[in-house]
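There are 2 protein chains.
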Amino acid sequence: MTRNIPARVTVVEVGPRDGLQNETNILTSEDRARFVDLLAAAGLPVIESGAFVSPTWVPQMACTEDVLARASRRPGVRYTALVPNLTGLERAAAAGVTEVAIAAAASETFSRRNINRSIDESLRAYSTVCTRAAALSIRVRAYLSTCFGCPYEGPVPTARVARLCRALVDMGAFEVAVSDTIGVAHPKQVWDVLDAVQAAVPIAQVALHLHDTRGTALANVLAGLQAGIATFDASCGGLGGCPYAPGAAGNLATEDLVYLLDGLGVASGVSLAGLVAASDFIAARVTQALPSRVYRAAKASSGREDCRV
Amino acid sequence: MTRNIPARVTVVEVGPRDGLQNETNILTSEDRARFVDLLAAAGLPVIESGAFVSPTWVPQMACTEDVLARASRRPGVRYTALVPNLTGLERAAAAGVTEVAIAAAASETFSRRNINRSIDESLRAYSTVCTRAAALSIRVRAYLSTCFGCPYEGPVPTARVARLCRALVDMGAFEVAVSDTIGVAHPKQVWDVLDAVQAAVPIAQVALHLHDTRGTALANVLAGLQAGIATFDASCGGLGGCPYAPGAAGNLATEDLVYLLDGLGVASGVSLAGLVAASDFIAARVTQALPSRVYRAAKASSGREDCRV
Numbered sequence: 104m105t106r107n108i109p110a111r112v113t114v115v116e117v118g119p120r121d122g123l124q125n126e127t128n129i130l131t132s133e134d135r136a137r138f139v140d141l142l143a144a145a146g147l148p149v150i151e152s153g154a155f156v157s158p159t160w161v162p163q164m165a166c167t168e169d170v171l172a173r174a175s176r177r178p179g180v181r182y183t184a185l186v187p188n189l190t191g192l193e194r195a196a197a198a199g200v201t202e203v204a205i206a207a208a209a210s211e212t213f214s215r216r217n218i219n220r221s222i223d224e225s226l227r228a229y230s231t232v233c234t235r236a237a238a239l240s241i242r243v244r245a246y247l248s249t250c251f252g253c254p255y256e257g258p259v260p261t262a263r264v265a266r267l268c269r270a271l272v273d274m275g276a277f278e279v280a281v282s283d284t285i286g287v288a289h290p291k292q293v294w295d296v297l298d299a300v301q302a303a304v305p306i307a308q309v310a311l312h313l314h315d316t317r318g319t320a321l322a323n324v325l326a327g328l329q330a331g332i333a334t335f336d337a338s339c340g341g342l343g344g345c346p347y348a349p350g351a352a353g354n355l356a357t358e359d360l361v362y363l364l365d366g367l368g369v370a371s372g373v374s375l376a377g378l379v380a381a382s383d384f385i386a387a388r389v390t391q392a393l394p395s396r397v398y399r400a401a402k403a404s405s406g407r408e409d410c411r412v
Numbered sequence: 104m105t106r107n108i109p110a111r112v113t114v115v116e117v118g119p120r121d122g123l124q125n126e127t128n129i130l131t132s133e134d135r136a137r138f139v140d141l142l143a144a145a146g147l148p149v150i151e152s153g154a155f156v157s158p159t160w161v162p163q164m165a166c167t168e169d170v171l172a173r174a175s176r177r178p179g180v181r182y183t184a185l186v187p188n189l190t191g192l193e194r195a196a197a198a199g200v201t202e203v204a205i206a207a208a209a210s211e212t213f214s215r216r217n218i219n220r221s222i223d224e225s226l227r228a229y230s231t232v233c234t235r236a237a238a239l240s241i242r243v244r245a246y247l248s249t250c251f252g253c254p255y256e257g258p259v260p261t262a263r264v265a266r267l268c269r270a271l272v273d274m275g276a277f278e279v280a281v282s283d284t285i286g287v288a289h290p291k292q293v294w295d296v297l298d299a300v301q302a303a304v305p306i307a308q309v310a311l312h313l314h315d316t317r318g319t320a321l322a323n324v325l326a327g328l329q330a331g332i333a334t335f336d337a338s339c340g341g342l343g344g345c346p347y348a349p350g351a352a353g354n355l356a357t358e359d360l361v362y363l364l365d366g367l368g369v370a371s372g373v374s375l376a377g378l379v380a381a382s383d384f385i386a387a388r389v390t391q392a393l394p395s396r397v398y399r400a401a402k403a404s405s406g407r408e409d410c411r412v
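Protein sequences appear in the order of chains A and B.
Using the working numbering, read the first sequence as starting at 104 and increasing by one per residue.
Using the working numbering, read the second sequence as starting at 104 and increasing by one per residue.
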C-alpha cells in the first residue's frame, strides 16, 4: 500500500505566518527571525516567514520586512510571504522576496468575511498581482481555503474547487495549496476532492494544507500521499489554528507530519530534533501550549515508561 | 483507494476499563454503570466495562461486579471485562459475564514490569484461564501489548508478534487486539506487522488497539482498514492513556474513530452525538480534559466561525 506513495515530499513550513498570525502575543522581529532561522536549520526547504498585510489588521505580522532582513537567508531555502494585494507585493519585492503566497477561498461567504471580496473579485485582484509578480520575477503560490467545508456554508462542491484551482494556475500560480481551513476533511473526501482537482490541474502543482481540528490530519496526509500529493504545508509545534476555539487544534504540526513521513520512508530532509528545538524556542514566546502530539510526547518521554496496554 | 476497506467494522469501547483505570479520580459504581449505559445508548456493540483485578493494585476497577449489576444489559451488546488470572475469571463468571479479556505482551521487559511474569509464564497462566473459560462457556479476547514498540526495549520483532498472536489463538482466544501501547506506530509499520500477523492468524481474528500519543492513530486506522482489519478498539473522549505523561494523548478516542469511519462510509452503528453525550458525562467526573479532538471541536464549534486559512 506504499506502492504509489512519493519517495520524497516538500514540506512547506507556515508557522511564522499562519501560526503566529493567530497568536495573542505579538513577537519581536528578532524572535520571529530567530524562529525562521531555527526552522531553516531543521532542514525545512520552504518557510512562509511573514505577511505583507496591514499592521492595523494583523499586528502580529507587522515589520515582516525586518524579519526577513534579520533572518539568515540560507542558500537553497525558499523564504516566502503572504501578500493580500499589489501593495503587499511591492513590499515583498522591496524586501527581496522571490516567492509570495496569495489566499483565495472556495466558499463565497468565507471569501467575503475573510478577505472582504467575492470570489470573482478576489480572482480579478489576484490576477493583477500575478501579472505584476511575473514582471518582478516573483513566483506566486496560491492557497485555496475551505476546499473541504466552510464554517458558514457547510459542504463545498468539488467541481468549484477544481475550477478555482485551474483559475489560479491559469493566472500564473505555480502551485495551489488545497486547504482544509476548518479541519473537517476525512480521507474519502481527500480522494474525492483530489480526483476532481487532478482532472483540472497537474497533481505536481497541487499541495495539501491540512488542519488537525478533528485529529484527521495525518490520515488525510496518508490519503494525499496515496493520491500522489508531494507537497504538504505544516506549522512547527502545531502553532496557530483558530484563536476563537481555545484548546482546539489548528494547523497540522510539522513534527507530526515528519514523524509520519519518516515512518513511511518518505524523504523530506527535515530533522525532528531540529523541529523540537524550534518548538522549544517558540513555546516560550506564545500563550497557548503547542498542540503537536509528537512534540508533547518528546517533552513527556522521560516519564512515559510505566504506561499500560 | 477505498476499494479494499471493509464496509462495516466493530468498535470495541474500552473507556470504562482502559480509560478509567488510568484516571486519578475513583468513580462510584453508579457513575461507572451510567457511563456504560450511555455508551450502549450511543450504539457501541462491545463495551469493556471493568476489570476483575485486585482493588489494592487498581482501585479504579474495584467493584466491577457492582458496575455490571447496575448497568442495563442491552440485548445484543457484549459487556466484557479484563481478567488477569483464574480468580478474576471466576469473579467474571459469577457476575454473569460471557466474554473476558486477557492481556499479554510482546516485549519481555514490558511483560515482567506490567504483569510481573515473563511472556512464557503469562502464556502458561492464560492457557489455564482459556481452558477454564471454555468450560464456563465464556469467550476470551486477548490483548497483545507493545506490538509496535516497547518503552524499555524499543523495537519489537514482527515475527515475535505473529508467533504470540498464533499462540493466543491456539489457546482459545477468539480475537487478538494487536496493541500500540505507547502510541509509536505509523502506517508502514501497521502494514508490516499485519503482513506478518496475517500469515499466522486469519485477519478476521485480528483487531487493532491504537493509542494517539503522536497523532498517528487515525492514519494507522486507515492503514489497518486498507489491510482488511474490521475491529478497532477506542476509548470514549480519548479517556485514559498514560497517567505519567500529563498532556500526552492516550487511547484513540472513539469520537475521532467514528468521525473517520463515517467519512469513509464505513458502517459502525455508533452515533457521534451519543458519544459526545457519554463524554460530557464522564468529562465532569475525571481530572484531565478529554483529549478527543472531535469532542473538543464539537464543544468549541459555536466560536469557530472566524478561523482563517
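Beta carbons: idealized from backbone N, C-alpha and C, even for Gly.
- Examine chain A for any beta-carbon lying closer than 7 Å to the beta-carbon of T131(B), and answer yes or no. no
- Item | Within chain B, the residues that V397(A) reaches when beta carbons sit closer than 7 Å | R317 and G318
- Query: Apart from the five residues on each side of it in sequence, which residues of its chain come closer than 8 Å, Cβ to Cβ, to S240(A)?
  - Reply: T201
- Complete runs of the beta strand (DSSP E) confined to the stretch 282-361 of chain A [at least 3 residues]: With a minimum length of 3 residues, the continuous beta strand (DSSP E) runs that stay inside the stretch 282-361 of chain A are 309-312 and 334-337.
- Message: Can you confirm whether G377(B), when its beta carbon is compared against all beta carbons of chain A, has any partner nearer than 7 Å?
- Response: For G377(B), no CB of chain A lies under 7 Å from its own CB, so it is not counted at the interface with that chain.
- Query: Given E126(B), which residues of its chain have a CB within under 8 Å of its CB, disregarding the five upstream and five downstream residues?
  - Reply: Q163, L342, G343, P346, V389, T390 and Q391
- Can you list, in chain order, the residues of its chain whose CB lies under 6 Å from that of S374(A), leaving out five sequence neighbours each side? A145 and G146
- In chain B, which residues lie with their C-beta within 7 Å of the C-beta of G368(A)? Those within 7 Å of G368(A) in chain B are K291.
- Query: From I332(B) to A307(B), what does the alpha carbon distance come to, in whole angstroms?
  - Reply: 7 Å
- D62(B) touches chain A at which residues, Cβ-Cβ below 9 Å? The structure shown does not extend to residue 62(B), since chain B is modelled only from 104 through 412, so no value can be given for it.
- Contacts of A322(A) in chain B (Cβ-Cβ under 8 Å): L321, A322, V324, L325 and L363
- Alpha carbon to alpha carbon, how far is P290(B) from N323(B)? 5 Å
- Message: My parser needs the beta strand (DSSP E) runs of 3 or more residues fully inside the stretch 163-188 of chain A; what are they?
- Response: 181-185
- Spatially closest choice to R181(A) from N128(A), D223(A), A207(A) and V243(A), by CA coordinates: Nearest to R181(A) by C-alpha distance, out of N128(A), D223(A), A207(A) and V243(A), is V243(A).
- Query: Taking Cβ-Cβ distances shorter than 7 Å, what residues in chain A pair up with A310(B)?
  - Reply: Chain A residues near A310(B): none, gap ~12 Å exceeds 7 Å.
- Task: To the nearest angstrom, report how far apart L328(B) and A184(B) are at their CA atoms.
- Result: 26 Å
- Query: Do you know how far the Cα of L321(A) is from the Cα of R317(B)?
  - Reply: 10 Å
- Got a sec? Which residues, its chain only, sit under 7 Å from T231(A) by beta carbon, not counting five neighbours each side? L189
- Could you give the C-beta distance for F251(B) and Q292(B), rounded to a whole number, given that I count them as a contact under 8 Å? 6 Å
- Item | Euclidean distance between Cα positions of A236(B) and A401(B) | Straight-line Cα distance between these residues: approximately 42 Å.
- Message: Within 10 Å of its beta-carbon, does V114(B) have 16 or more other beta-carbons around it, so buried, or fewer, so exposed?
- Response: buried
- Below 7 Å CB to CB, which residues in the same chain sit around T261(A) once its five sequence neighbours on both sides are set aside? D295, V296 and A299
- Message: Please classify Y246(B) as buried or exposed, where buried requires at least 16 neighbouring CB atoms within 10 angstroms.
- Response: buried
- Report yes or no: is there a C-beta of chain A within less than 7 Å of the C-beta of A400(B)? yes
- Query: Hey, quick one: how far does the alpha helix (DSSP H) through E211(B) stretch, first residue to last?
  - Reply: E211 to I218
- Query: Based on Cα-Cα distance, which residue from T159(B), T319(B) and L267(B) lies nearest to L226(B)?
  - Reply: That would be L267(B), whose Cα lies nearest to the Cα of L226(B).
- Item | Which listed residue (V149(B), D273(B) and L311(B)) has its alpha carbon closest to that of R176(B) | Minimum Cα distance to R176(B) is reached at V149(B).
- Task: Measure the CB-CB distance between L393(A) and L355(A) and report whether it falls below 7 Å.
- Result: no
- Can you give me the Cβ contacts of P254(B) inside the same chain, cut-off strictly under 6 Å, excluding the 5 residues immediately before and after it? I285
- Message: Can you tell me which residues form a DSSP beta bridge with I222(B)?
- Response: Paired residues: none, contrary to the question.
- Query: Looking only at DSSP bridge pairs, what is G146(B) linked to?
  - Reply: For G146(B), which the question treats as bridged, DSSP gives no partner whatsoever.
- When W160(B), N217(B), Y229(B) and V139(B) are compared against A276(B), the one with the closest alpha-carbon: Y229(B)
- Task: Measure the alpha-carbon distance for F138(B) versus C339(B) and round it to whole angstroms.
- Result: 10 Å
- If you draw a straight line from the alpha carbon of V170(B) to that of G377(B), how long is it in whole angstroms? 20 Å
- Message: Just to confirm before moving on: does the CB-CB distance between D140(B) and A174(B) stay below 7 Å?
- Response: yes
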